[in-house]
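In this note's numbering, the protein residues as written are 589 to 667.
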């Protein structure tokens with residue numbers, strides 16, 4: 589049998605306890621994406637730092653943020 593999270597008040601609530609846990613996971617994905625996007629500034633304004641164009645900031649972080657928002661929608665719509 590699967591481990592399910594159930595609550596006796598699930599029938600009365602708009603979202604169940606499981607939905608809130610899934611919302612927290614989606615929120616954590618969005619925050620992780622934002623944290624991965626930070627950094628890349630140069631030490632002085634006269635020099636340009638190409639580290640801001642790294643794979644982590646340009647590709648990975650936006651994918652995590654979009655995945656987090658999609659997961660949030662799934663968490664809200666899951667019955």
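Even for Gly, the Cβ is constructed at its ideal location relative to N, Cα and C.
**Request:** Could you name the residues of the same chain whose beta carbon sits closer than 8 Å to that of residue 617, not counting the 5 residues immediately before and after it, in chain order?
**Result:** Here the set comprises 652, 653, 655, 656, 659.
**Request:** Please name the residue, chosen from 666, 648, 667, 633, that lies closest to residue 622 on a Cα-to-Cα basis.
**Result:** Out of 666, 648, 667, 633, 648 has the C-alpha closest to the C-alpha of residue 622.
**Request:** Measure the alpha-carbon distance for residue 646 versus residue 620 and round it to whole angstroms.
**Result:** The alpha-carbon atoms of residue 646 and residue 620 are separated by roughly 14 Å.
**Request:** Leaving out five residues on either side along the sequence, give the residues of the same chain with a beta carbon under 7 Å from the beta carbon of residue 663.
**Result:** Apart from sequence neighbours up to five positions away, the residues of its chain that approach residue 663 with a beta-carbon distance below 7 Å are 607, 610, 611, 614, ordered along the chain.
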